[in-house]
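Chains as they are written, first to last, in the numbering used here: chain S, 564 to 904; chain A, 564 to 904; chain W, 564 to 904; chain G, 564 to 904. Glycine included, C-beta positions come from ideal geometry on N, C-alpha and C. Below is one structure; the comments refer to it alone.
There are 4 protein chains.
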Amino acid sequence: MKVGIVGAAGYSGEVLVKLLLAHPHVQLAAVTSRTHAGKPLAAVIPALRGADRGLKFVDSDAAALAASDIDLFFLALPHGAAATYAKTLVPAGKRVIDLSADFRIADLATYRKYYGEHHAPELLPSARFVLPELTPPAWKTEAKLVAAPGCYPTSILLPLLPLLKAGVVTREHIVVNACSGVSGAGKKAEEMYLFVERAESMKAYGLTKHRHLAEVEEQLAVHTGAPTVIQFNPHLAPMRRGIATTITVPAAPGATIDSLYAAWRAVYAGRPFVQILASGETPDTAHVVGTNRLDLAAVHDPRTGNFVITSAEDNLVKGASGQAVQIMNLWCGYPETAGLL
Amino acid sequence: MKVGIVGAAGYSGEVLVKLLLAHPHVQLAAVTSRTHAGKPLAAVIPALRGADRGLKFVDSDAAALAASDIDLFFLALPHGAAATYAKTLVPAGKRVIDLSADFRIADLATYRKYYGEHHAPELLPSARFVLPELTPPAWKTEAKLVAAPGCYPTSILLPLLPLLKAGVVTREHIVVNACSGVSGAGKKAEEMYLFVERAESMKAYGLTKHRHLAEVEEQLAVHTGAPTVIQFNPHLAPMRRGIATTITVPAAPGATIDSLYAAWRAVYAGRPFVQILASGETPDTAHVVGTNRLDLAAVHDPRTGNFVITSAEDNLVKGASGQAVQIMNLWCGYPETAGLL
Amino acid sequence: MKVGIVGAAGYSGEVLVKLLLAHPHVQLAAVTSRTHAGKPLAAVIPALRGADRGLKFVDSDAAALAASDIDLFFLALPHGAAATYAKTLVPAGKRVIDLSADFRIADLATYRKYYGEHHAPELLPSARFVLPELTPPAWKTEAKLVAAPGCYPTSILLPLLPLLKAGVVTREHIVVNACSGVSGAGKKAEEMYLFVERAESMKAYGLTKHRHLAEVEEQLAVHTGAPTVIQFNPHLAPMRRGIATTITVPAAPGATIDSLYAAWRAVYAGRPFVQILASGETPDTAHVVGTNRLDLAAVHDPRTGNFVITSAEDNLVKGASGQAVQIMNLWCGYPETAGLL
Amino acid sequence: MKVGIVGAAGYSGEVLVKLLLAHPHVQLAAVTSRTHAGKPLAAVIPALRGADRGLKFVDSDAAALAASDIDLFFLALPHGAAATYAKTLVPAGKRVIDLSADFRIADLATYRKYYGEHHAPELLPSARFVLPELTPPAWKTEAKLVAAPGCYPTSILLPLLPLLKAGVVTREHIVVNACSGVSGAGKKAEEMYLFVERAESMKAYGLTKHRHLAEVEEQLAVHTGAPTVIQFNPHLAPMRRGIATTITVPAAPGATIDSLYAAWRAVYAGRPFVQILASGETPDTAHVVGTNRLDLAAVHDPRTGNFVITSAEDNLVKGASGQAVQIMNLWCGYPETAGLL
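Here's what the structure looks like:
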């Protein structure tokens, strides 16, 4: 199968290129970039020197891509831009996996509130938000367009959703603190993201209004059937990749650490990309960076009655490009782990 | 005035040596260390090359120190060891500022639960826990021995106490997430603290049972007159110094962001070492490292009804040695900012 | 083919485990460790959670390994220890690839001078030092035991040897400065390698007497037929992995930057793991970490008459475990790039 | 004495503001910035919160500054811009200490070759390049304008000049490798200087044509009376501050490590800001960052006949603003160490 990537100059685009070049079952046939059109991949992604198979960035417009023999496209574009490509590619019968926010939110009003105008609302009904371990498998046949989840949402929903559904935690007083590596901000030449500013620096940002909230809370509502509001406190940590998320949530009456772990095991047993650590251990971003894995653990605090749940993932892999490849694998019938660590 | 430091081989000891060498009103007359006795300060603390005024580490026992003409001692020792020195120095009429946990907790049973046996319980009545901006000034005359607060407690109590006392936040569902630089663990040659293990790594640790909880909750109870239980989630961040703390707490009925800021201003206006940032800004550890300052800010989240409160400090300065010097300044009648940035 | 790893608790052992688990043509059948015997691989190498194929560390002695059905062993042990295993495995007909220094130096007197007593000098005649791009191919049939090159030597010999052999540089006044990530020192719980000591720190070390000199100078002599003495100045840089090496060497009379590049291309054209950058570009460790590649470039300085040659590699991959796998691939007839990026 | 800073938005400007605010003998009376005019210092330099003494950035032009009652100005501007200010301030009788390159090079042709047109060549005769430990003291009365040395040049000239003058090293085959923290590039919002690009990355840059060469070689010629050409290989290291420089130079006939150290001691004995380490030790940037100190050491390599000389400094302090304050102290008759660590 031939696949293409639209827009690959950012950090998650770069990871996606590497994963697809090494994938055993698909052929990376096109990588587009307006800025870099004509350049070899390795000229822009030096990690690929000698390993870019002679591929060059192309400046194909959506119509040209729609007319090509490529079967599936990954959109690694800013929100807004993604919808404009999807608008052409989906009607042309191409499978599309979008890494932007454009189709993550089913509710148009919510999308508009967080992101502004939507450029292809007509595609929303045939789009599916797919968190591979949790989304019921019907999406594989229903979807024409798949929205891959955001990095923070993946690190929050995988730990939390099974617990809410199993009723082992309450729906109130959920507090999520997450610490992200700087690549989460994208490749932006702004003073704030300079090495000298970020090294040896730790700070909260985006309090009360981070865009990923929209996606998290919609999924919580969809999966549990009731509106759920969370406190989400993102932080910027002095590292390149990785998200460590810590969720504090009151235990439901009667719930124990064993019932919490049972709820997780019921969902994640045998799933290669979610690993459950013993209670008392804590996930470390350094152990998951470069893999498509999310590590999970929890403790119960008898003093407060809370569970404290910790997760770690690579924001660019399980939080973006790796998960997109995992979605492709499942959608197209390849082994779930093909081309992924 | 002559001052001495007992035990100065760790990270906060090193900072203390530098601060006292540069202090305009006191003379650093002795620095003890069993391991390094006989060596020039600069041989162990190379940052002091050419600037250690010829001082050498000495291996004085407590009796010798008690017999010296030094007026005030800082104890920069592990808990347990500090009490054994205090036992001799305090009865000899020396002022003692202890940077360990030994005298931070007035309740002996609590101390024993978290730290084991206490080696000088008879000194507890004349010891005072002093958070300079919050402890009522009577300590200056009452105390024979001052316990300087821990790093995490400083970053939690300074933001939280005025709000609890003013009734602008609830006493329930307080969730504290804190991210500390690696120097917080001390100078321990253990695999976990190696550069290769910690660089580019973020993780929670010590969940539900961190020792600093004892001190935080006792102070909350002392200042507010009621037991208060918090969720404290410490994290290790890939940086050398600094603590960024994020506190989520429900607003009390009727409380607004203005009433929160008013409560802070009532306590911290004119205090040089607590700086209040505008709501919407967030403190950054990089802006406070090297200073004795704690930066503070808060936002109100109308969706959850919570306040999210953020603080940043240097764990080795405002969280340890700088605050100890600030205590000395106040105790001995020097300007509060003498020798401090 | 079944392969085993003897001693895999260090940083290069960990990388070797990952490479061999993912290798398409061999089966990792045993991983030994005295310290960790009985534990699953993932308990010691958390990056392998869910991906260690159920393998556990075993405490097999050399005799048991010699009696097993494993065809090839990698020794990832300290020097000295490696020889004692090789002593049993080689006579038993096992192929051995040694990542230690024990068989890198053919001259016994030189070995003793730098490393002390040798525990299996009788194996030296059947051992070969193999730098895959440079060692003449006879080793594939002659060797019973292969010494994989050290990290610094790889970063020096690959740039320098073709130039000395082609006569485009002089043999005098060769100055090598190299900056290594901290993993180069191994997983040692010593104060010097703590995060707080090494972060934001840059320093030279091991001047005039680094052990890798022995190996570099022997290879220079073997390949060029004349003794060659270099100045080797290693440095420790605040990063986990990677070596950036800068070699200053006078151009031979008449040599130009074109003749230098021609000499490189004659040797490295078509070799996937040595990439030659345009003159004026400089290799960056960040572009090679995680790959088995060494990047190369050079400029001519008309003011001094020197060439300045720069290289970058991952000390744990091309400088250790990746190169060992590359050697296995060539020795056993697999594609050179099998299992390597 | 009142002092002013023209242009203080960069990294060395920020350090200069901090040093002058804390200086015991001068009053920082004006800090100019076109971009930030009207803002409190602490709004741009958050490390100064609560400690900026109410100072605001002003947008004074050169004429207004010349008419003020400020006695001495520091120019912390890009080259070119500095000369245009000096043009007005010097004739008005103000003392000027310039941190740019504009007056570091006495030879106009050399300046033009490296930097382009000079905007105030008429000031060159009354300008002095001052490396406080080495420049003969006549500058204190002759100079109307002082050029503070660059960061790399300071780290090269202090080790090398006394040795060349004493004849203990040769003038040929001098190879300088230097590794600088990222702040050396200034506060530039360019992709190359982003955290994600520079963390965990080491690379050479600017080979054969770095601008600081002009200044180094002119000083070598001025002090030794003969043209001296060096190989200068700068590198970018993944840290914020600090320069570690390693110089390889052949020993002069008969020179020993003792004669080298004697040459250094003859010049640096009693100088607080140059510290000589024992042969075999190596300076570490972490030990000098935050101080105005340069640490020095050397070894002799009997195998090559070279001395290998290592130095470390803080590029923003001894390499820029601290040295500028040291110059002011000497020029104005304050103790050399006033306001400096």
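So the alpha helix (DSSP H) residue i belongs to, where does it begin and stop?
i, result
"A:ASP624", "Premise fails: A:ASP624 is in no alpha helix (DSSP H) and is neither H nor E."
"A:HIS775", "775-787"
"G:SER718", "714-729"
"S:ALA826", "820-831"
"W:SER631", "Taken as a continuous stretch (DSSP letters only), W:SER631 belongs to no alpha helix (DSSP H), as it is neither H nor E."
"S:THR647", "644-652"
"S:ARG923", "Only positions 564 to 904 of chain S appear in this structure, which leaves residue 923 of chain S out of reach."
"G:PHE795", "Note, G:PHE795: premise wrong, no alpha helix (DSSP H); beta strand (DSSP E) at 794-799."
"S:ALA605", "604-607"
"A:VAL580", "574-584"
"W:PHE758", "758-761"
"A:THR771", "Careful: A:THR771 lies outside any alpha helix (DSSP H) and carries neither H nor E."
Got a sec, what are the start and stop residues for the beta strand (DSSP E) residue i sits in?
i, result
"G:ALA710", "708-710"
"A:ILE568", "565-569"
"A:THR811", "806-813"
"W:ALA690", "690-692"
"G:LEU591", "590-595"
"G:VAL738", "738-743"
What is the C-beta distance between residue i and residue j, in whole angstroms, given that I count them as a contact (C-beta under 8 Å)?
i, j, result
"G:THR848", "G:ILE806", "7 Å"
"W:ASP622", "W:ALA645", "Rounded, the Cβ-Cβ distance is 17 Å, inconsistent with contact."
"S:VAL607", "S:ILE568", "Rounded, the Cβ-Cβ distance is 12 Å, inconsistent with contact."
"A:GLU798", "S:CYS742", "Before going further, note that residue 798 of chain A is His rather than Glu in the sequence given. That belief holds up - the Cβ atoms of A:HIS798 and S:CYS742 are roughly 7 Å apart, short of 8 Å."
"G:VAL732", "G:ALA814", "6 Å"
"A:THR811", "A:ASN892", "Not really, about 34 Å apart at Cβ, beyond 8 Å."
Could you tell me if residue i is buried or exposed, where buried requires 16 or more neighbouring beta carbons within 10 angstroms of its beta carbon?
i, result
"W:LYS602", "exposed"
"A:ALA887", "buried"
"G:ILE698", "Before going on, a small fix: residue 698 of chain G reads as Thr here, not Ile. Flag for G:THR698 reads buried."
"G:ARG658", "buried"
"S:ARG597", "exposed"
"A:ALA860", "buried"
"S:LEU671", "exposed"
"W:VAL653", "buried"
"A:GLY882", "buried"
"G:PRO641", "exposed"
"W:TYR866", "Here residue 866 of chain W is Arg; the residue named in the question, Tyr, does not match the sequence. By the neighbour-count rule (16 or more Cβ atoms within 10 Å), W:ARG866 is not buried but exposed."
"S:ALA630", "exposed"
"S:VAL580", "buried"
"W:ARG691", "buried"
In the segment 840-900 of chain G, which residue ranges form an unbroken alpha helix (DSSP H) of at least 4 residues, counting only runs that do not cross its ends? If only complete runs of 4 or more residues are kept, the segment 840-900 of chain G shows the alpha helix (DSSP H) at 848-851 and 885-895, in order along the chain.
Is it the case that the segment 761-781 of chain S contacts the segment 750-761 of chain A, given that we only count it when at least three CB pairs across the two stretches are under 8 Å? no
Determine, using beta-carbon pairs with one atom in the segment 694-711 of chain W and one in the segment 796-813 of chain W, whether at least three such pairs fall under 8 Å. no
Determine, using beta-carbon pairs with one atom in the segment 874-882 of chain S and one in the segment 849-858 of chain S, whether at least three such pairs fall under 8 Å. yes
Determine, using beta-carbon pairs with one atom in the segment 708-718 of chain S and one in the segment 783-794 of chain S, whether at least three such pairs fall under 8 Å. Result no; under three Cβ-Cβ pairs closer than 8 Å.
For the segment 629-648 of chain W against the segment 607-621 of chain W, do three or more pairs of beta-carbon atoms, one drawn from each stretch, fall closer than 8 Å, so that the two count as touching? no
Assess, as a yes-or-no matter, whether the segment 771-779 of chain A is touched by the segment 657-677 of chain A under the definition of 3 or more beta carbon pairs within less than 8 Å. yes
Report yes or no: do the segment 777-787 of chain G and the segment 720-729 of chain G share at least 3 C-beta pairs separated by less than 8 Å? Contact holds: three or more Cβ-Cβ distances are below 8 Å.
Note down, one range per segment and in chain order, each alpha helix (DSSP H) of at least 4 residues found wholly within the segment 664-691 of chain G. Complete alpha helix (DSSP H) runs here, min 4: 671-678.
Determine contact between the segment 893-903 of chain G and the segment 574-587 of chain G, defined as no fewer than three beta-carbon pairs at a distance below 8 Å. yes
For the 8 Å Cβ check, are there 3 or more pairs between the segment 828-842 of chain G and the segment 745-757 of chain G? no
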